[in-house]
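Student:
Residue numbers (the working numbering): 16 to 221.
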């Protein structure tokens with residue numbers, strides 16, 4: 016798949032560290048009523064136990080670890096794709112298996128396109144991947160320094176009947192992203208491409 020000139024919406028340069036807009040990620044917006052827990056006393060008269068890691072209640076179902084954010088930078092080299100996949104799986108470990116698969120697919124597709132089409136092969140250029148867990152969704156911020164390119168500018172439904180040799184695997188991956196994501200966006204900020212993908216993070220199986 017050839018890279019095209021960036022046709023998407025141009026966005027003024029802004030923060031590239033993957034932080035959410037004010038109010039988007041509230042670390043206190045956690046599952047359970049911690050205020051109610053703090054008011055209750057155990058039967059033996061001692062204060063209740065502290066919540067477990069990530070602020071979740073000590074009892075009941077563990078749903079979404081709201082407010083967690085992880086960032087890692089990779090070199091734009093195909094042999095780093097395994098590390099990229101491992102990072103994705105680690106960042107959302109324990110969440111719905113299909114969510115993990117979908118996010119891994121999205122990141123792998125973007126990363127391979129950056130290397131093969133953006134830089135024309137292996138490069139030491141940085142690729143920054145940030146994964147944030149928000150309420151009922153997982154947000155991917157993907158940033159590279161390749162030439163301007165909006166992968167969502169022209170997304171066509173691939174021919175499912177075509178052979179693997181004929182089918183453009185890259186286009187198939189981008190198409191799947193547009194079908195699976197709740198939101199996807201591209202922006203050129205300074206000398207960087209920034210892609211944002213939001214996937215639903217269900218508390219029950221999809």
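We put the beta carbon where it would ideally sit given N, CA and C, even for glycine. Computed from a predicted structure; not experimentally measured.
For residue 150, which three-state DSSP category applies?
Tutor: coil
Student: Report the start-end ranges of each beta strand (DSSP E) in the stretch 70–133 that is 3 residues or longer and not cut off at the edges.
Tutor: 84–90
Student: Hey, residue 158 and residue 85: beta-carbon distance below 7 Å or not?
Tutor: no
Student: What does a CB cutoff of less than 6 Å around residue 103 pick up in its chain, not counting 5 residues either side in sequence?
Tutor: Here the set comprises 118, 119, 122.
Student: Would you say residue 142 and residue 213 are within 7 Å of each other, going by their C-beta atoms?
Tutor: no
Student: Under the rule that 16 or more other beta-carbon atoms within 10 Å means buried, what is residue 88, buried or exposed?
Tutor: Per the 10 Å Cβ criterion, exposed.
Student: For residue 204, which residues does DSSP report across the bridge?
Tutor: 207
Student: Can you check whether the CB of residue 114 is closer than 7 Å to the CB of residue 216?
Tutor: yes
Student: Return the residue from the list 140, 211, 105, 82 that minimises the CA-CA distance to residue 92.
Tutor: 140
Student: To the nearest angstrom, how far is it from the Cα of residue 152 to the Cα of residue 82?
Tutor: 11 Å
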